[in-house]
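Asker:
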Amino acid sequence: GCSRQCDYCLRAAARRVNSMPWVWVLELIGALAEYKKQIKEYSLMIAYYSVLMSNFRNEAMADYYDSLFDKDYGDICAELVARGEMVPSLSTAGIEIGSIGERALNKMIAVNKGGFVIPSLHINTQSELFRRLGRAKYIEAMRHTWLLLEKLSANTDSFKEWRAFRAKPWSS
Numbered sequence: 005g006c007s008r009q010c011d012y013c014l015r016a017a018a019r020r021v022n023s024m025p026w027v028w029v030l031e032l033i034g035a036l037a038e039y040k041k042q043i044k045e046y047s048l049m050i051a052y053y054s055v056l057m058s059n060f061r062n063e064a065m066a067d068y069y070d071s072l073f074d075k076d077y078g079d080i081c082a083e084l085v086a087r088g089e090m091v092p093s094l095s096t097a098g099i100e101i102g103s104i105g106e107r108a109l110n111k112m113i114a115v116n117k118g119g120f121v122i123p124s125l126h127i128n129t130q131s132e133l134f135r136r137l138g139r140a141k142y143i144e145a146m147r148h149t150w151l152l153l154e155k156l157s158a159n160t161d162s163f164k165e166w167r168a169f170r171a172k173p174w175s176s
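Residue numbers (the working numbering): 5 to 176.
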């Protein structure tokens, strides 16, 4: 399921969120790494994303949490980086200040030394998050998310190009 409940979402994910147990995540990462050794052209990044996250039809950064092991999506990313693997791109509808999603994003920032993630942020006033937080708190949460995403992607070439483009004066 997905906690965001965006009105435009094509996945139509249920509100209830179920997360794969952390030990299963570790087993799956190991199994996919073995599979990658057998088939060289297979993209492990796509496999991680599709198997770990898409089957749950959620927003992984905000929703993945194993309370028994106190693990979140940032821990999954850290495990992938420790094994020398790529991390899936990040698409988010924003995080709440002080949430598991913020904690996960901060962990991703800590391990993103090589600029592996290019995030996208969907600002969506047609969502459960907007309705629950209200306009002012939603804007505050989106600003906070944006600032963290800037830190996350600061090392990527595409982000540096975007910053350089944004700094140029507009011509008529």
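Beta carbons are placed, not taken as given, at the ideal position from N, Cα and C, and that holds for glycine.
These numbers were taken from a predicted model, which means no experiment stands behind them.
1. Within a Cβ cutoff of 8 Å, which residues of the same chain sit near residue 110, ignoring the five residues on either side of it in sequence?
2. Should residue 25 go down as buried or exposed, given a rule of 16 or more other Cβ atoms within 10 Å for buried?
3. Using only alpha-carbon positions, find the residue among 70, 105, 115 that is nearest to residue 85.
4. Could you give the uninterrupted runs of the beta strand (DSSP E) lying entirely in the region 132-160, keeping only those of 3 residues or more?
5. Give every residue of the same chain whose Cβ lies closer than 6 Å to the Cβ of residue 95, excluding the five residues on either side of it in the sequence, and list them in chain order.
6. Please list, in chain order, all residues of the same chain as residue 87 whose beta carbon is under 8 Å from its beta carbon, the five residues on each side excluded.
7. Looking only at C-alpha atoms, which of 107, 113, 144 sits nearest to residue 68?
8. Whole angstroms is fine: what's the gap from residue 98's alpha carbon to residue 80's?
9. Put residue 76 into one of helix, strand or coil per three-state DSSP.
10. Are residue 113 and residue 156 closer than 8 Å when you measure CB to CB?
11. Tell me whether residue 68 sits in a helix, a strand or coil according to DSSP, three-state version.
12. I believe residue 101 touches residue 145 by the beta-carbon criterion, under 8 Å. Please report the beta-carbon distance rounded to the nearest angstrom.
Answerer: Once the coordinates are examined:
1. Start at 1 with the first residue of the sequence shown, and residue 110 comes out as number 106. Hits under 8 Å: 78, 152.
2. In the sequence shown, counting from the first residue as 1, residue 25 sits at position 21. That one is exposed.
3. Position 81 of the sequence shown, counted from the first residue, corresponds to residue 85. Measuring from the Cα of residue 85, the nearest candidate turns out to be 115.
4. For the region 132-160, not a single whole beta strand (DSSP E) run of length 3 or above is found.
5. If you number the sequence shown from 1, residue 95 lands on position 91. The answer, listed in chain order, is 124.
6. For the purposes of this step, residue 87 is taken as the residue at position 83 of the sequence shown. The answer, listed in chain order, is 33, 37.
7. On the sequence shown, residue 68 is found 64 positions in, with the first residue counted as 1. Looking at the Cα atoms, 107 is the closest of the given residues.
8. Position 94 of the sequence shown holds residue 98. Position 76 of the sequence shown holds residue 80. Looking at the two C-alpha atoms, the distance is approximately 19 Å.
9. Reading the sequence shown from its first residue, position 72 is the one you call residue 76. The answer is strand: DSSP assigns residue 76 an E or B state.
10. By 1-based counting over the sequence shown, the position of residue 113 is 109. By 1-based counting over the sequence shown, the position of residue 156 is 152. Result yes, Cβ atoms of residue 113 and residue 156 sit closer than 8 Å.
11. For the purposes of this step, residue 68 is taken as the residue at position 64 of the sequence shown. Reduced to three states, the DSSP call for residue 68 is coil.
12. Within the sequence shown, residue 101 is the residue found at index 97, counting from 1. Within the sequence shown, residue 145 is the residue found at index 141, counting from 1. Yes, residue 101 and residue 145 are in contact; Cβ-Cβ is about 6 Å, under 8 Å.
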